[in-house]
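Participant:
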Amino acid sequence: VDEWSAHSRAIHERHHSLLAHGPEVPTAPAASFREVAPCARQPVVLRGESWGWLHLLHGGKRPSPPELRTLERAAAAVAISLLSERESGARASQRQTALLNRLLLGDITGERFVTLALALGQDLRGRDLIVVTAWAGDEEPTKDHLLAHVLREAGWPAVVGDTGDFDVAVVGLPTRTDADEVRPLLADHGVRAGISRVVEPAALPLALRQSRSAASVAAAASTTEVRHFDDLGALRLLVA
Numbered sequence: 004v005d006e007w008s009a010h011s012r013a014i015h016e017r018h019h020s021l022l023a024h025g026p027e028v029p030t031a032p033a034a035s036f037r038e039v040a041p042c043a044r045q046p047v048v049l050r051g052e053s054w055g056w057l058h059l060l061h062g063g064k065r066p067s068p069p070e071l072r073t074l075e076r077a078a079a080a081v082a083i084s085l086l087s088e089r090e091s092g093a094r095a096s097q098r099q100t101a102l103l104n105r106l107l108l109g110d111i112t113g114e115r116f117v118t119l120a121l122a123l124g125q126d127l128r129g130r131d132l133i134v135v136t137a138w139a140g141d142e143e144p145t146k147d148h149l150l151a152h153v154l155r156e157a158g159w160p161a162v163v164g165d166t167g168d169f170d171v172a173v174v175g176l177p178t179r180t181d182a183d184e185v186r187p188l189l190a191d192h193g194v195r196a197g198i199s200r201v202v203e204p205a206a207l208p209l210a211l212r213q214s215r216s217a218a219s220v221a222a223a224a225s226t227t228e229v230r231h232f233d234d235l236g237a238l239r240l241l242v243a
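Residue numbering for the sequence shown follows the working numbering, beginning at 4 and increasing consecutively.
#1: Which residue from 120, 44, 128, 54 puts its Cα closest to that of residue 83?
#2: Just the Cα atoms here: how many angstroms apart are residue 167 and residue 104?
#3: Per DSSP, residue 230 is paired with what?
#4: Go ahead and pull the three-state DSSP assignment for residue 54.
#5: Nearest to residue 188 by CA position, among 200, 127, 159, 13, is which residue?
#6: Ends of the beta strand (DSSP E) at residue 138?
#7: Given that a residue counts as buried once 16 or more other Cβ atoms are within 10 Å of its Cβ, and exposed if not, what is residue 233?
#8: Assign residue 228 to one of two classes, buried (16 or more other C-beta atoms within 10 Å of its C-beta) or exposed (fewer than that).
#9: Which residue or residues does DSSP assign as beta-bridge partners of residue 176?
#10: Going by DSSP, what residue range makes up the alpha helix (DSSP H) through residue 155?
#11: DSSP state of residue 125, grouped into three classes?
#12: If you drop the 5 nearest sequence neighbours on each side, which residues of the same chain put their C-beta closer than 8 Å to that of residue 8?
#13: Alpha carbon to alpha carbon, how far is residue 134 from residue 209? Give it in angstroms, no decimals.
#14: With residue 191 as the anchor, note down where its beta strand (DSSP E) starts and where it stops.
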């Protein structure tokens, strides 16, 4: 695998040594656009779409039928694993969105929200809370779950959901000083968003409205901006 980078970019063709085992095993010959090791390869297919390839580097020795069957089964196993991870992530996202919608509709209190968030693996207890609302327009990166990714990379527990035009996150911060880090972090990743004040669990419904107001102002700006509710001034009245 020392020259894997070159091998992975090589033009793969059908290898004559494998034709006896059927025409469905695409391989790389000893010479492509550059010298590469012969291999058999098998696509990793998820719902009709190829996500990548597994390569069996067999060198000058023709792979045996059991080795080819192993390659095929390994590709299927990888596909099943990837599909399971995607579906698991989708289910988790749906549960978090449903929980946020209950909070938005007033079906649960802020305290109850924090308790239920723990069941989803997000421990918001004993933390300062803020709400981030990010514009999720067609041209914005938040449509690819960037908001959830940024918060996860920062190590902050958060319940993140898609509420249509906006992605919403209730974020738990270790201290109030960490709230000052949220704005530049989002701006550095090109997220157009609004941020609420730091609140206690009971005030989460109010924080949702604050972040939505700030996000509406940020969404109307000509450039990518992150707005804090306290910076809106008279714009609070116009947004309302």
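Backbone N, C-alpha and C fix where the C-beta goes; we use that ideal spot for every residue, glycine too.
Facilitator: Checking against the coordinates, here is how it stands:
#1: 54
#2: 11 Å
#3: Answer is 197.
#4: strand
#5: 159
#6: 131-138
#7: exposed
#8: buried
#9: 131
#10: 149-157
#11: coil
#12: none
#13: 10 Å
#14: Here residue 191 belongs to no beta strand (DSSP E); instead the alpha helix (DSSP H) covers 182-191.
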